[in-house]
Amino acid sequence: MTERTQGCCAAGRAGVEEPRPFTGPPAAPASPSGGAPTDLHRNRTGIRLPGGTFLMGTDDPGGYPQDGEGPVRPVVVEPFTIGAHTVSNALFAEFVEETGHRTDAEAFGWSYVFASFLPGELRRVSARPPQTPWWCGVRGAYWRCPEGPGSSVEDRWDHPVVHVSWRDAAAYCAWAGGRLPTESEWEYAARGGLEQRRYPWGDDARLRGAPPHAARPGSSRAGLRARRRTAAGRRYGRALPPRTRRLRSRRVRRRRAG
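Residue numbers for the sequence shown follow numbering that gives the first Met the number 0, so the first one is 0 and each next one is one higher.
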């Protein structure tokens, strides 16, 4: 999302007075010209969606006009493949290790952190954009230090990576053999086949009971599987249980034998 089209929930860097780097952020990589990502390699799991016509956008009065989500209109989406899971810290670490990519948050030297994730003292002294006061500008916050200096992803390798800009995400997708979905593709996939519902599960703000695919509270089997299969997991193997390392070693040996 650009500064010009900033919506209600996302904060732009222009909202607070923070130092900018001497040089601009990394240039955006060229996006593949249309078409579905066809090479979901590096152990990524993709789901093929059939495409078709769906009602995109919302006229829900509970929304924010600044987000530009209306009016509701029929949109045709071609068949495409999309990743089944969010990109984990382990997968993003593999990308950074292989390419040397430096994120925009690192280039700027700070990023926004959700206020409730910060201790009270840091919340009080952190700059906040007036339009989105639930975000705090924190120096030194980036994907490896999600809440700033002193925080770490060492115990969260299977968590979704954060502090990733559009340019960072596009670079990751190009490295992984794909591309970012278009806005219509993303909304089509995120709706999960439901028509004009507020949430992927319906209209109620809160799910009753456990999420349907949860193995246990806070778990993500898919994330663990992804973590076990990555070079980043090998590099940061100390953060993984011994059984995970054994599974990974067997897989490597099998591949070499073939």
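Where a beta carbon is used, it is the ideal one built from N, C-alpha and C, also for glycine.
Run through the DSSP bridge pairs and tell me what residue i is partnered with.
{"i": "L48", "result": "F79"}
{"i": "V74", "result": "F53"}
{"i": "G201", "result": "Y198"}
What are the boundary residues of the alpha helix (DSSP H) that residue i is part of?
{"i": "F91", "result": "N88 to T98"}
{"i": "D167", "result": "W165 to W174"}
{"i": "E184", "result": "E182 to A189"}
Could you please give the first and the last residue of the uninterrupted beta strand (DSSP E) stretch that includes residue i?
{"i": "W134", "result": "W134 to R138"}
{"i": "F113", "result": "W109 to F113"}
Going by beta carbon distance, what residues of the same chain come within less than 7 Å of residue i, once the five residues before and after it are set aside?
{"i": "S30", "result": "Interpretation of S30 is limited by its pLDDT of 36, a score under 50 that renders its predicted location unreliable; no figure is taken from the coordinates."}
{"i": "T98", "result": "W174"}
{"i": "S219", "result": "Note on S219: pLDDT 40, under 50, position unreliable in the model; the coordinate value appears next. Cβ neighbours of S219 beyond the five flanking positions: D157."}
{"i": "V161", "result": "W142 and P145"}
{"i": "G56", "result": "E68, G69, P70, V71 and R72"}
{"i": "A189", "result": "P199"}
{"i": "P159", "result": "T85, V86 and S87"}
What is the C-beta distance between residue i and residue j, in whole angstroms, given that I count them as a contact (C-beta under 8 Å)?
{"i": "F107", "j": "E146", "result": "With 8 Å as the limit, F107 and E146 do not qualify as a contact, their Cβ atoms being about 16 Å apart."}
{"i": "I81", "j": "L48", "result": "6 Å"}
{"i": "V112", "j": "V137", "result": "5 Å"}
{"i": "V74", "j": "T52", "result": "7 Å"}
{"i": "D59", "j": "R197", "result": "7 Å"}
Among the options, which has the Cα closest to the Cα of residue i?
{"i": "W134", "options": "W185, D66 and R123", "result": "R123"}
{"i": "G139", "options": "S110, D167 and W165", "result": "S110"}
{"i": "D103", "options": "R166, V86, L90 and G62", "result": "R166"}
{"i": "T131", "options": "P118, V137, L121 and A114", "result": "A114"}
{"i": "F94", "options": "G176, F53, Y63 and T44", "result": "G176"}
{"i": "G45", "options": "H84, Y198, G62 and Y63", "result": "H84"}
{"i": "F91", "options": "Y187, D59, C172 and Q195", "result": "C172"}
{"i": "G149", "options": "L121, V163, P159 and S164", "result": "L121"}
{"i": "S164", "options": "G191, G61 and E105", "result": "E105"}
With a CB to CB cut of under 6 Å and the five nearest residues on each side skipped, what residues in its chain are close to residue i?
{"i": "H100", "result": "A170"}
{"i": "G50", "result": "V76, E77 and P78"}
Given residue i, which residues of its chain have a CB within under 8 Å of its CB, disregarding the five upstream and five downstream residues?
{"i": "G201", "result": "L193"}
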